[in-house]
Amino acid sequence: MAEPHKYDVILSDQSLALLDELNVGAFTVNVHRKVKSMNLSAQALMGLKEKEVIGKDCRDIFTGVPCMVTCILRSKNNAVTNEPDVEIVNEHETKKLLTRMAIPVYDRDHCLAGCLTILQDHSPIADLIDRIHYEERSYKTILNNLDVGIFTVNRGGHFTFFNSEAEKISGYDRRQVLGRPCSHFFGDQATDDMCLFREPMGKDWMYKSREGKIKTQTGETIPIRANYIPLKNEKEIIVGGLATFHDLTLVRQLDQAIRDRYTFHDMIGKSPEMQKVFEKVNIVAGTDATI
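Residue numbers (this note's numbering): 512 to 802.
Next up, the structure:
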């Protein structure tokens, strides 16, 4: 019985199965351009079955993925080829954009035994990127239309988002703050250090709330109430933080107006009778009349 040719086995099934786990299509060809193996991902991408292609010439089978550079099996340098993206049409008449890369495969004697071609489908990645961009735009649109200041920072405390109300309250344009440290704008000791994100974001960093003051771009000091929330990834690791803050200027002014209306020095009274007394006292206080 003749000994199997050393070129017959050029890549293990385990290697192709590993690429399957990564959703990467792969097929192997020997030095005679005969297809030796083809993993499930490649079969799905090409719309072919392994039994239909094994032992056949790659030039006859893979017409949908043309060789756009010098074939490794004909080239003298046997270098890895990075080829342009190619578009194929499967059995369902669905177009797919693939990246094709071929690498040489050697036997134990370091002689060229064939090549491995890898096919990477761009469609899921492109769909994912489009979905992420759409969701990101949707979230930003919502946050930009809320009547509350909102900003986010990364683990280093640098601004990554600054909504329209935050611009209105602080007086800073988002282009001035994005990418810069939060403490540079809200970390002044004179304003009660309203940027809690300058603190280390450990695993126990929890929701926090604080009232204090911030300085606007024009130097005006305004009272605010801020809430701080850690942002976590799918592994529950803190990757940044989100803060919401409200301008309390109007609230404080209303509180002061109410206090002025219902108090007179150390006396407090809300009844109509007491309000009349306070009014008369204010009138008499401006005269020399004795009581």
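Built from N, CA and C at the ideal position, the CB exists for glycine as well.
ask   = Does the Cβ of Val535 have 16 or more other Cβ atoms within 10 Å, making it buried, or fewer, making it exposed?
value = By the neighbour-count rule (16 or more Cβ atoms within 10 Å), Val535 is buried.
key: Arg619 to Lys651 span [Cα, whole Å]   = Computed Cα separation, rounded: 57 Å.
key: Minimum C-alpha distance to Ile680 - residue among Ser694, Gly668, Phe662, Arg691   = Taking only the C-alpha atoms, the option nearest Ile680 is Phe662.
ask   = What alpha helix (DSSP H) runs, 4 residues minimum, are completely inside the stretch 611-675?
value = Within the stretch 611-675, complete alpha helix (DSSP H) segments of at least 4 residues are found at 634-655, given in chain order.
ask   = Which class does Val540 belong to by DSSP, given the choice of helix, strand or coil?
value = Here Val540 sits in strand by DSSP.
query = Beta carbon of Ser526, beta carbon of Phe538: below 8 Å?
reply = Not closer than 8 Å, so no.
request  = Count the other CB atoms, across all protein chains shown, that sit within 10 Å of the CB of Asp758; report buried if there are 16 or more and exposed otherwise.
outcome  = Buried, since its Cβ has 16 or more Cβ neighbours within 10 Å.
inquiry  = Taking the beta strand (DSSP E) that Glu722 belongs to, which residues open and close that run?
reply    = Note, Glu722: beta strand (DSSP E), 719-726.
task = Helix, strand or coil for Ile748, going by three-state DSSP, please let me know.
result = The answer is coil: DSSP assigns Ile748 none of H, G, I, E or B.
query = Where do the N-terminal and C-terminal ends of the alpha helix (DSSP H) with Arg685 fall, by residue?
reply = Counting along the chain, the alpha helix (DSSP H) containing Arg685 begins and ends at 685-688.
task = Might you give, ordered along the chain, the residues of its own chain that have their beta carbon closer than 8 Å to the beta carbon of Ala528, omitting 5 neighbours on each side?
result = For Ala528, same chain residues with a beta-carbon under 8 Å away, outside a window of 5 residues either side, are Asn550 in chain order.
message = Within a Cβ cutoff of 6 Å, which residues of the same chain sit near Tyr683, ignoring the five residues on either side of it in sequence?
response = Taking Tyr683 as the centre and dropping the five residues before and after it, the same chain places the C-beta of Gln728 closer than 6 Å to its C-beta, in chain order.
key: Other residues of its chain near Arg666: CB distance less than 8 Å, five sequence neighbours each side excluded   = Within the same chain, Arg666 has close Cβ partners Met712, Ile749, Val750, Gly751.
query = Does Gly723 come within less than 8 Å of chain C when only Cβ atoms are used?
reply = Absence of chain C from the displayed structure is noted, only one protein chain being present.
query = Considering only the beta carbon of each residue, do Ala613 and Cys622 sit closer than 8 Å?
reply = No, the pair does not count as a contact, with Cβ atoms beyond the cut-off.
ask   = Candidates Pro734, Asp571, Ala553, Gly660: which alpha carbon is nearest Arg611's?
value = Measuring from the Cα of Arg611, the nearest candidate turns out to be Ala553.
task = Kindly indicate the opening and closing residues of the beta strand (DSSP E) around Val546.
result = Val546 -> beta strand (DSSP E) spans 546-549.
key: Nearest-angstrom Cβ-Cβ length linking Leu753 and Ile735, presumed shorter than 8 Å   = Actually they are not in contact, since the Cβ atoms of Leu753 and Ile735 sit about 15 Å apart, beyond 8 Å.
ask   = Going by the CB atoms, is the gap between Phe673 and Val659 shorter than 8 Å?
value = Contact flag unset, no.
ask   = Ordered along the chain, which non-local residues of its own chain (more than five positions away) have a Cβ less than 7 Å from that of Gly690?
value = Closer than 7 Å at Cβ, skipping near neighbours: His669, Phe670.
Cutoff 6 Å; reference Asn655; Cβ partners in own chain excluding five residues on either side = In its chain, beyond the 5 residues on either side, Asn674, Ser675 have a beta carbon closer than 6 Å to the beta carbon of Asn655.
task = Report the residue from Lys724, Lys746, Glu745 whose alpha carbon sits nearest the alpha carbon of Thr737.
result = Just to set this straight, residue 737 is Ala in the shown sequence, not Thr. If you compare the alpha carbons of Lys724, Lys746, Glu745 with that of Ala737, the shortest gap goes to Lys724.
key: Rounded separation between Thr628 and Cys569 - CA only   = Near 11 Å, if we compare the C-alpha coordinates of Cys569 and Thr628.
Leu759 in three-state terms, based on DSSP = If DSSP states are grouped into helix, strand and coil, Leu759 belongs with coil.
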